[in-house]
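In my numbering, the protein residues as written are 24 to 241.
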């Protein structure tokens, strides 16, 4: 009887140990699978996180002299367009001209910040605020810029005369920006700058067409 109980105890212990081993194996297997999945997921996520910062970083590294010239020329160019647009609320007669001026300012002011950020990240000079219109970085960088005399003339106008002069000057100004953007697309290496150039070409070409229609030249 004692031997029988001892045998039963031994059998129970073996069964219990076997069950425990199975549970541990199952847990170990789950842990391995999770670990593998986790490591796989981790590797994928590490790869993604590595590629995410590397992408802009690499992109920022791929710039050339054309990109620098584009940014250094477009900043004062945009600043002057914003300056011209600021004259419209108090001087323009046409609601269309006022809206056009507001749209120009809304689009170009953030682009100035973007261009300035690129130059800073490249260790290049950001054109100073209030720099003379003719002191740009390369002749092509100043394409379409108004002279001080033209800006003074525009400031002295109001009503319909302002509307006409504003649009005629802004058409010339936009044509210069499109020319600069086309040069960037042809010669630039910085992908975001080339993308911005494409946006400038599209938006300002559309505004040129709109202004020509307002002037009856469309």
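Glycine included, C-beta positions come from ideal geometry on N, C-alpha and C.
Distance between residue j and residue i (C-alpha atoms, nearest Å)
i: residue 192; j: residue 108; result: 11 Å
i: residue 92; j: residue 141; result: 12 Å
i: residue 88; j: residue 134; result: 19 Å
i: residue 194; j: residue 138; result: 22 Å
i: residue 96; j: residue 220; result: 12 Å
i: residue 182; j: residue 94; result: 34 Å
i: residue 208; j: residue 223; result: 11 Å
i: residue 90; j: residue 218; result: 12 Å
i: residue 150; j: residue 143; result: 11 Å
i: residue 216; j: residue 166; result: 18 Å
i: residue 136; j: residue 101; result: 10 Å
i: residue 205; j: residue 214; result: 14 Å
i: residue 189; j: residue 177; result: 7 Å
i: residue 179; j: residue 210; result: 39 Å
i: residue 170; j: residue 196; result: 11 Å
i: residue 145; j: residue 184; result: 43 Å
i: residue 125; j: residue 231; result: 15 Å
i: residue 235; j: residue 153; result: 30 Å
i: residue 123; j: residue 203; result: 21 Å
Secondary structure of residue i, DSSP reduced to three states
i: residue 115; result: strand
i: residue 201; result: helix
i: residue 147; result: coil
i: residue 240; result: coil
i: residue 153; result: coil
i: residue 211; result: coil
i: residue 132; result: helix
i: residue 123; result: helix
i: residue 182; result: helix
i: residue 88; result: helix
7 Å Cβ shell around residue i - same chain, five flanking residues per side excluded
i: residue 119; result: 237
i: residue 130; result: 226
i: residue 121; result: 111, 112 and 115
Proximity to residue i [Cα-Cα], best of the options
i: residue 117; options: 179, 152, 132 and 186; result: 186
i: residue 148; options: 112, 176 and 98; result: 98
i: residue 104; options: 85, 201 and 128; result: 128
i: residue 85; options: 171, 212 and 169; result: 212
i: residue 201; options: 184, 229, 179 and 145; result: 229
Same chain, Cβ closer than 8 Å to residue i, neighbours up to 5 away in sequence not counted
i: residue 106; result: 174
i: residue 132; result: 101 and 105
Own chain residues within Cβ distance below 6 Å of residue i, not counting five before or after
i: residue 233; result: none
i: residue 199; result: 166 and 167
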